[in-house]
Amino acid sequence: MLGQFKVTAIEQDKFELVREVIDPEALVRLVRAGQDGAIVTFDGFVRNESHGRETSYLEYEAYESMALGKMKEIAAQMHEKFAIHRVAIVHRLGRLEIGETSVFIAVSAPHRGAAFDACRYAIDTLKRTVPIWKKEYFADGAVWAEGELPPTPPSAKSAS
Amino acid sequence: MLGQFKVTAIEQDKFELVREVIDPEALVRLVRAGQDGAIVTFDGFVRNESHGRETSYLEYEAYESMALGKMKEIAAQMHEKFAIHRVAIVHRLGRLEIGETSVFIAVSAPHRGAAFDACRYAIDTLKRTVPIWKKEYFADGAVWAEGELPPTPPSAKSAS
Amino acid sequence: MPSIRVKVLFFGRLRELTGLAEEMGELPEGATLAQVFERYAERYPRLAGFRNSMVVSRNQEFAAWDTRVSAGDEIAFLPPVSGG
Amino acid sequence: MPSIRVKVLFFGRLRELTGLAEEMGELPEGATLAQVFERYAERYPRLAGFRNSMVVSRNQEFAAWDTRVSAGDEIAFLPPVSGG
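Protein chains in written order, with our numbering: chain C, 1 to 160; chain D, 161 to 320; chain X, 321 to 404; chain F, 405 to 488.
Laid out in structure tokens, this is it:
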């Protein structure tokens, strides 16, 4: 099956950082095409609690140009690793209320295995490598979410 | 995290066999709740080709009462195996045109890992165990899709 | 031997082959699902070739071929499933 | 030693701590990213405690601390990321 798969240019993919409400249906329509049979989506949205405390709202900020670059890198890796067709990755910035979508990812593919694997790879890698930060607001204060340290080259001397 | 998870009754889940167009957004709304942070969906839709032949349309039929029972069984297993919140599984029957959704699954969970694992478990198990049959129509004829033999108890003597 | 009545259903290509979607069948008490199938294979000889590429259910649960049927059972002959 | 100009950015809690989002910095040619950080840690002593829970990027790629900066580089100090 992989042999039959026509690799699709990343130009048809979509990456965005937005400050308004994310429209999942528009993104699903964008990745949907006749040669596909499967779309897997991931919708990450604001929970009403964090570590047992009731959340009031969240604020996201990003190193925007680098974040978009990293999102494109993730999509390029997805096309390399998985027999998928199109990818849409959108992250929202600014203030988000409970229940609002912070990140939405849609992946289309001829077969479901690749769509699942690629979608999961996308969100896992986004959370580790895309420079976006979340601040959690509670009734009695705010904290920066713990987060993950992105992997970095160990030494410039060993880098290309 | 699993310890904190409040197991949710399967009564809030949805299983349906429908003959009209599936509305994914309605199903996503149905599984979405404040204590969740993640929804993973699977959308299976009609491809424009099958084994290299151009598909005209498909027809699905089901052993409806048993199919609904098996879909509920799958959801019960999902709640048992994964820390998820709600499940919606809808399969369409009758004639479907290219690009139309035949099956849509939505799973909500506090954390993404469970949502991904459960959604994939759902579609994999549905394809192996739910009595639904697909007939593929081409310009020059029609064939029943190959399909999979569901696992059955080897002998009544060893059954309970 | 006393006889019992059961509902018998065919699906997919098996229904096409027999032209039969559903009927009330009369069977000897204590018959196994395999014996029920044999009766239909006698009536529809082309069915026999599908014996190894099908499963059977009893009261909407997949069942072993040596399961014995009871009065009022719903028995279905099911080709490989292809939903999704 | 000749000096070069680079753009320096702070994000998240590091930006809050320094009160500095972005500035043009003047640095000795051949300075490493670690040395750039030390300069800012002198100016903002509370930064020093975050040295092991942050990463640095050069021209929008994560970089090793011993990377040497060049004129016109864009350098950013980044706390652990928490998007998603």
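No residue lacks a Cβ here, since even glycine has one placed at the ideal position from N, Cα and C.
Proximity of residue i and residue j at Cβ, strictly below 8 Å
i: I10 (chain C); j: F104 (chain C); result: no
i: A106 (chain C); j: H85 (chain C); result: no
i: P400 (chain X); j: S373 (chain X); result: yes
i: R272 (chain D); j: F42 (chain C); result: yes
i: G44 (chain C); j: T129 (chain C); result: no
i: E426 (chain F); j: L413 (chain F); result: yes
i: F357 (chain X); j: R371 (chain X); result: yes
i: G403 (chain X); j: Y220 (chain D); result: yes
i: F175 (chain D); j: M231 (chain D); result: yes
i: L131 (chain D); j: I234 (chain D); result: Residue 131 (chain D) lies beyond the residue range present for chain D, which begins at 161 and ends at 320; the question has no answer from this structure.
i: P311 (chain D); j: Y223 (chain D); result: no
i: L334 (chain X); j: L367 (chain X); result: yes
i: V389 (chain X); j: F382 (chain X); result: no
i: D386 (chain X); j: A193 (chain D); result: no
i: V40 (chain C); j: L96 (chain C); result: no
i: I258 (chain D); j: A282 (chain D); result: no
i: N48 (chain C); j: Q172 (chain D); result: no
Listed by chain order, chain C residues near residue i by CB distance under 7 Å
i: R417 (chain F); result: W144
i: I199 (chain D); result: D43
i: V459 (chain F); result: L149, P150 and T152
Chain-ordered chain F contacts of residue i [CB-CB under 7 Å]
i: S155 (chain C); result: A468 and D470
For residue i, three-class secondary structure by DSSP
i: E25 (chain C); result: helix
i: V167 (chain D); result: Note that V167 (chain D) has pLDDT 49, beneath the 50 cutoff, so the model's placement of it is unreliable and the number below is only indicative. In the structure shown, V167 (chain D) sits in coil (DSSP, three-state: anything other than H, G, I, E or B).
i: G416 (chain F); result: helix
i: R272 (chain D); result: helix
i: H239 (chain D); result: helix
i: T41 (chain C); result: strand
i: M71 (chain C); result: helix
i: V191 (chain D); result: helix
i: Y121 (chain C); result: helix
i: T312 (chain D); result: coil
i: R288 (chain D); result: helix
i: E342 (chain X); result: strand
i: E257 (chain D); result: strand
i: S373 (chain X); result: helix
i: S225 (chain D); result: helix
i: V473 (chain F); result: coil
i: Y448 (chain F); result: coil
i: R359 (chain X); result: helix
i: K317 (chain D); result: coil
i: G383 (chain X); result: For the record, residue 383 (chain X) in the displayed sequence is Ala; it is not Gly. DSSP places A383 (chain X) in strand when its eight states are reduced to three.
i: A139 (chain C); result: coil
i: A354 (chain X); result: helix
Chain C residues whose Cβ lies nearer than 8 Å to that of residue i
i: L413 (chain F); result: Y63
Neighbour-count burial assignment, residue i, 16 or more Cβ in a 10 Å radius
i: R134 (chain C); result: The sequence shown places Lys at residue 134 (chain C), not Arg. Looking at its Cβ environment, which holds 16 or more other Cβ atoms inside 10 Å, K134 (chain C) is buried.
i: V18 (chain C); result: exposed
i: R252 (chain D); result: buried
i: K166 (chain D); result: With a pLDDT of 47 at K166 (chain D), under the threshold of 50, the modelled position of this residue cannot be trusted, and the question is left open.
i: Q4 (chain C); result: Because the pLDDT of Q4 (chain C) is 43, which lies under 50, any placement of that residue in the model is unreliable, and the question is left without a value.
i: G392 (chain X); result: exposed
i: P314 (chain D); result: exposed
i: E80 (chain C); result: exposed
i: E446 (chain F); result: exposed
i: D277 (chain D); result: buried
i: E296 (chain D); result: buried
i: G141 (chain C); result: exposed
i: M405 (chain F); result: exposed
i: A186 (chain D); result: exposed
i: G52 (chain C); result: exposed
Residue i: contacting residues in chain D (beta-carbon distance under 8 Å)
i: R47 (chain C); result: G194, Q195, D196, G197 and P270
i: R116 (chain C); result: In the sequence as displayed, the identity of residue 116 (chain C) is Phe instead of Arg. Within 8 Å Cβ-Cβ: F202, F276, C279 and R280.
Chain-ordered chain D contacts of residue i [CB-CB under 7 Å]
i: I123 (chain C); result: R272
Beta-carbon neighbours of residue i, restricted to chain D and to distances below 9 Å
i: A396 (chain X); result: Y223, M226 and P291
Within chain F, partners of residue i - CB distance below 9 Å
i: K127 (chain C); result: V485, S486, G487 and G488
Under 9 Å by beta carbon: chain X residues contacting residue i
i: G229 (chain D); result: Q380 and E381
i: Y220 (chain D); result: S402 and G403
Beta-carbon neighbours of residue i, restricted to chain X and to distances below 7 Å
i: H251 (chain D); result: G403
i: K232 (chain D); result: Neighbours of K232 (chain D) on chain X: none; closest Cβ ~11 Å, over 7 Å.
Using a Cβ-Cβ cutoff of 8 Å, what residues of the stretch 254–265 of chain D are near chain X? List them in chain order. Correct list: S262 and V263.
Using a Cβ cut-off of 9 Å, which residues of the stretch 13–38 of chain C contact any Cβ in chain D, in chain order? Listed by position along the chain: P24, E25, V28, R32, A33, G34, Q35, D36, G37 and A38.
Could you list the residues in the stretch 74–85 of chain C with a C-beta less than 9 Å from some C-beta on chain D, going in chain order? none
Against chain C, which members of the stretch 428–456 of chain F pass a CB distance test of less than 7 Å? none
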